[in-house]
Amino acid sequence: MLQKIKETADFLRGKVTDLPKTAIILGSGLGNLVDYMEDKTVIPYAQIPNFPISTVEGHSGNLIFGKFAGKLVMAMQGRFHYYEGYDMKAVTFPVRVMKELGIETVYVSNAAGGMNKEFKVGDVMVITDHINLFPENPLRGKNYNELGTRFPAMTEAYCHDLVKLADTIAAEKNIRLMHGVYVGTTGPTFETPAEYEYFRIIGGDAVGMSTVPEVIVANHAGMKVFGLSVITDLGGKDITYVPTHEEVQEAAVKAQPVMLALITEMVARS
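First residue of the sequence shown: 166, per my numbering; consecutive thereafter.
Here it is in structure tokens:
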């Protein structure tokens with residue numbers, strides 16, 4: 166693994182002169198952020214040694230370096246999911262490469278189903294914590310001390326200071342910003358009403374099929390993390406509506422202006 170990480174990082178160093186300290190994983194709701202980047206260097210995943218390829222509709226497959234909100238950033242346009250058949254090492258490999266390149270802060274976004282009774286479709290939720298229900302932890306197996314400690318703490322998986330900054334910006338811009346716990350599951354099925362209710366009872370506010378593996382690895386590597394979920398559908402024992410992937414994507418697109426405004430200011434100020 167160490168050799169692959171170094172090989173990939175060296176390849177990217179050969180493509181990019183000025184390396185950033187900030188990375189953004191462009192999940193649902195932030196797909197158009199690349200349109201606001203300047204001086205871009207776009208590298209398709211297919212050209213990057215050891216990189217997987219995103220297979221999900223709506224997820225592009227490019228690594229983009231450039232300027233955003235006055236800062237140098239690295240953006241992942243398309244992520245990898247456990248449900249695609251990748252193992253956790255492959256899902257989180259890009260985060261390992263980020264650390265090798267000197268990234269210090271990672272922003273992540275996703276689409277999620279909401280079970281908090283206060284949520285509405287289209288709400289944006291700051292992830293304050295998560296519940297990991299994936300069957301495999303990305304740190305399972307041999308631990309490399311060069312990458313992080315054997316037993317990393319997850320007490321502050323999502324940086325408290327960045328959450329406070331988001332709240333400050335939301336108040337200034339009159340953005341309805343929710344807070345909540347994200348439940349990470351394998352997918353690719355949407356949840357049953359009983360599962361939604363179960364996730365709510367155990368402390369979850371929203372549920373999705375990504376993010377948690379990347380966040381675990383980013384914490385293992387000592388990076389700060391900030392996460393956002395766009396609530397694309399609602400579920401529970403009293404809700405019988407059946408969402409489709411297309412409707413989830415549509416709701417995420419509608420939330421883009423709010424998410425973009427928030428991330429733009431956060432990157433500029435942090």
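All C-beta atoms, glycine included, are put in the ideal place defined by N, C-alpha and C.
DSSP state of N197 mapped onto helix, strand, coil: Along the sequence shown, one-based indexing puts residue 197 at 32. N197 sits in a helix when the DSSP states are folded into three classes.
Do the stretch 347-354 and the stretch 364-376 make contact, defined as three or more Cβ pairs closer than 8 Å? They touch, by the three-pair rule.
In whole angstroms, give me the CA-to-CA distance for S375 and N302. Taking the sequence shown and counting its residues from 1, one reaches residue 375 at position 210. Taking the sequence shown and counting its residues from 1, one reaches residue 302 at position 137. Near 13 Å, if we compare the C-alpha coordinates of N302 and S375.
Nearest-angstrom Cα separation, counted from G287 out to E412: Residue numbering aside, residue 412 sits at position 247 when the sequence shown is read from its first letter. Residue numbering aside, residue 287 sits at position 122 when the sequence shown is read from its first letter. Whole-angstrom Cα-Cα distance: 11 Å.
For Y309, which residues in the same chain have their Cβ closer than 8 Å to its Cβ, ignoring the five residues on either side in sequence? Indexing the sequence shown from 1 puts residue 309 at position 144. Taken in chain order, the residues that qualify are M166 and L167.
Excluding the 5 residues flanking G226 on each side, which residues of the same chain have their C-beta closer than 8 Å to its C-beta? On the sequence shown, position 61 is the one that residue 226 refers to. Spatial neighbours of G226 in its own chain (CB-CB distance under 8 Å, excluding positions within 5 residues in sequence) are listed in chain order as P209, Y210, A211, I218, S219, Q242 and G243.
May I ask you to report which of helix, strand or coil DSSP gives V181? Locating residue 181 in the sequence shown gives position 16, counting from the first residue. Three-state DSSP puts V181 in coil, outside helix and strand.
For I366, the first and last residue of its enclosing alpha helix (DSSP H): Within the sequence shown, the letter at position 201 stands for residue 366. First-last of the alpha helix (DSSP H) with I366: P358 to I366.
Nearest to L342 (by Cα), restricted to the options V390, I428, G250 and G401: Against the sequence shown, residue 342 aligns to sequence position 177. It is I428 whose Cα lies nearest to the Cα of L342.
Three-state secondary structure assigned by DSSP to I213: In the sequence shown, residue 213 corresponds to position 48, counting from 1. Of the three classes helix, strand and coil, the one that applies to I213 here is coil, per DSSP.
Quick check: the stretch 305-323 against the stretch 381-399, are there 3 or more CB pairs under 8 Å? By the Cβ rule, the stretch 305-323 counts as touching the stretch 381-399, because three or more pairs are nearer than 8 Å.
Boundaries of the beta strand (DSSP E) in which K307 is found, first to last residue: On the sequence shown, position 142 is the one that residue 307 refers to. Element bounds for K307: n/a, residue is neither H nor E.
Can the beta-carbon of A234 be found less than 7 Å from the beta-carbon of I189? By one-based count along the sequence shown, residue 234 stands at place 69. By one-based count along the sequence shown, residue 189 stands at place 24. The answer is no: Cβ separation not under 7 Å.
Proximal residues to M253 (C-beta, below 6 Å), its chain only, five neighbours per side dropped: Against the sequence shown, residue 253 aligns to sequence position 88. E301, P303 and P378.
Which of the three DSSP states is assigned to N297 in this structure? In the sequence shown, residue 297 corresponds to position 132, counting from 1. In the three-state reduction of the DSSP assignment, N297 falls in the strand class.
Can you tell me where the alpha helix (DSSP H) with L427 in it begins and where it stops? As a working note, residue 427 is residue 262 in the sequence shown. Run containing L427: H410 to R434, per the alpha helix (DSSP H) assignment.
Does any CB atom of chain B fall closer than 7 Å to the CB of Y272? Absent from the structure is chain B; it holds one protein chain and no more.
Coil, strand or helix - Y248 by DSSP: Locating residue 248 in the sequence shown gives position 83, where the first residue counts as 1. In the structure shown, Y248 sits in a helix (DSSP, three-state: H, G or I).
Tell me where the alpha helix (DSSP H) around M280 begins and ends. In the sequence shown, counting from the first residue as 1, residue 280 sits at position 115. Careful: M280 lies outside any alpha helix (DSSP H) and carries neither H nor E.
For V432 versus S193, is the C-beta spacing smaller than 7 Å? As a working mapping, residue 432 is identified with position 267 in the sequence shown. As a working mapping, residue 193 is identified with position 28 in the sequence shown. Cβ distance not < 7 Å, so V432 and S193 don't count as in contact.
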